[in-house]
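> Residue numbers (our numbering): 438 to 757. Attaching a single structure in structure tokens format; questions to follow.
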Amino acid sequence: MRVSTERSGLQARDIAVRRGGRRVLGAATLAVAPGEVVGLLGANGAGKSTFIEVAAGLRVPDRGSVTIDGIPVGDRRAAARVGLAAQDTAVYPVLTAAENLEAVARLYGARRAASRRRVAEVVEMLGLTAQATTRADRLSGGQRRRLHAGMALIHRPSVLFLDEPTVGSDVESRRRLLDLVGALAAEGVAIVYTTHYLPELEELNARIALLHDGAIRSLGTVREVVDEWGSGRVALRLRNPQDAPLPPGWRREGDSLVRDARGSDLARVLASGIDGLGAHAGEVVDVRVERSSLDVAYLRLRERAQATGRRDEGDTHVAA
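This is the structure in structure tokens:
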């Protein structure tokens, strides 16, 4: 059978892994298209790193299949299309930053001249031009983090796994890495990104997936997740609040009328508040619509997943 070598990203289906008699993954399914960033969320110990190891071809699952651009992950052609920056930083300490990158490029078969050109590109992308000839063990922690990520993308992978790439990073390194991830996605790289810094996923416009109880639930964009699981509030500030009627469900706070609502209901709540004021609607001098953050939405979602447990198992095996 002819295997397509066109870019189709990551397809992981029904991945199951047991470790020491304990189920780590049950039927984890995830698809990531070229140019897409997926934020893979889950509690510590949920199996995110295990899933990444399987999807990157480093671990054989007990059940399930993974393809990279349509190629089975066990195939050497698939391995050449995968980049992985694992959670623990791994660099050659006595080599310079440039030598670390060149060593990996040569392992992937690049000739010396081509590898050096690529190293120069990646060093600039990482903001490490001034440190290119500095030994890795003399770089700052954030600089080593950037170098670690650079070693995962030096060979131009079509699927890139970044497992908590900014943990412990300084502000500059985090900024550089986020800019780099955005640029790679714009070039068509499919990216799986785990982090505990959820605002990063908002900035990357990532699609959110939750790993819970061994399965992956695809949730949608950050905006969709916040609308569905987050909360917010609408505040109408009035010129003469004491004269205005109080619409059902609203409360008075100082010179404003306020109502809490789910993120997806905020527009409807605003309209109902204006309607409820009737003739006093002209007294409104300011309108504020506030949405909760992805952090709040994620915590509510995780609490719900933990509460429902296995009852949700039938609809958590969702591919995007």
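For glycine and all other residues, C-beta sits at the position ideal for the given N, C-alpha and C. Note that this is a predicted model, so its numbers are computed, not measured.
#1: Given a threshold of 16 other Cβ atoms within 10 Å of its Cβ, counted over all protein chains shown, does H633 qualify as buried or as exposed?
#2: Between which residues of its own chain and D759 is the CB-CB distance below 6 Å, once the five residues before and five after are set aside?
#3: Tell me the rounded alpha-carbon separation between P636 and S486.
#4: Measuring CA to CA, which of G546, R613, L694, T566 is closest to H717?
#5: Name the two residues that bound the continuous beta strand (DSSP E) containing S552.
#6: Who are A468's beta bridge partners in DSSP?
#7: Are the region 519–531 and the region 596–611 touching by the rule of at least three beta carbon pairs closer than 8 Å?
#8: With DSSP as the reference, please indicate the residues paired to I522 in a beta bridge.
#9: What residues match up with A627 in a beta bridge as DSSP calls it?
#10: Under the rule that 16 or more other beta-carbon atoms within 10 Å means buried, what is R582, buried or exposed?
#11: Just curious, the beta strand (DSSP E) that A759 is in, first and last residue?
#12: Does DSSP put H585 in a helix, in a strand, or in coil?
#13: How big is the Cα-Cα spacing for R549 and R543?
#14: Is A492 helix, strand or coil by DSSP?
#15: Going by DSSP, which residues form a beta bridge with I645?
#16: Quick check on DSSP: helix, strand or coil for E720?
#17: Counting only the same chain and skipping the five closest in sequence on each side, list residues whose C-beta sits under 6 Å from that of V541.
#18: Tell me, to the nearest whole angstrom, how far the beta carbon of L611 is from that of G564; I am working on the premise that it is less than 8 Å.
#19: Please look up how many angstroms separate the CB atoms of V626 and P594, rounded, as I've assumed it's under 8 Å.
#20: So what does DSSP say about P509, is it helix, strand or coil?
#21: Going by DSSP, what residue range makes up the beta strand (DSSP E) through G669?
#22: Mapping the DSSP letters down to three states, classify E665 as helix, strand or coil.
#23: For R728, which beta-bridge partners are listed by DSSP?
#24: State the Cα-Cα distance for the pair G751 and E640, rounded to the nearest angstrom.
#25: Are the beta-carbon atoms belonging to I505 and V491 less than 8 Å from one another?
#26: Considering only DSSP beta bridges, list what S502 is partnered with.
#27: What would DSSP say about E609, mapped onto helix, strand or coil?
#28: Taking the alpha helix (DSSP H) that E443 belongs to, which residues open and close that run?
#29: So what does DSSP say about L638, is it helix, strand or coil?
Inspection of the coordinates gives the following:
#1: Burial check for H633: the Cβ neighbour count within 10 Å stays below 16, so the residue is exposed.
#2: Nothing about residue 759 can be read from this structure; the chain reaches only from 438 to 757.
#3: Straight across, the Cα-Cα distance linking P636 with S486 is about 20 Å.
#4: It is L694.
#5: S552 -> not in any beta strand (DSSP E); alpha helix (DSSP H) instead, spanning 549–563.
#6: Per DSSP, Q448.
#7: Counting C-beta pairs with one atom in each stretch, the region 519–531 and the region 596–611 have three or more that are closer than 8 Å, which means they touch.
#8: First, the residue type needs correcting, since residue 522 is Ala and not Ile in the sequence shown. L599.
#9: BP columns for A627 point to V596.
#10: Label assigned to R582: buried.
#11: Residue 759 lies beyond the residue range present for the chain, which begins at 438 and ends at 757; the question has no answer from this structure.
#12: Helix at H585.
#13: Near 7 Å, if we compare the C-alpha coordinates of R543 and R549.
#14: Secondary structure at A492: helix, using DSSP grouped into helix, strand and coil.
#15: According to DSSP, I645 bridges with G476, G657.
#16: Helix at E720.
#17: Only M588, I591 meet the Cβ criterion.
#18: This sequence places Arg at residue 611; Leu is not what is there. About 12 Å separates the two Cβ atoms, so there is no contact after all.
#19: Correct: roughly 7 Å between the Cβ atoms.
#20: In this structure, P509 counts as strand in the three-state DSSP scheme.
#21: From DSSP, the beta strand (DSSP E) with G669 extends over 668–675.
#22: In the structure shown, E665 sits in a helix (DSSP, three-state: H, G or I).
#23: DSSP output for R728 lists G669 as bridge partner(s).
#24: Because G751 sits at a pLDDT of 42, beneath the cut-off of 50, its placement in the model cannot be relied upon, and the following sentence gives the value as read from the coordinates. The C-alpha of G751 lies about 31 Å from the C-alpha of E640.
#25: Not a contact, by the Cβ cut-off of 8 Å.
#26: Looking at the DSSP output, S502 shares a beta bridge with R450.
#27: Collapsing the DSSP output to three states places E609 in a helix.
#28: Careful: E443 lies outside any alpha helix (DSSP H) and carries neither H nor E.
#29: DSSP, reduced to helix, strand and coil, places L638 within a helical segment of the structure shown.
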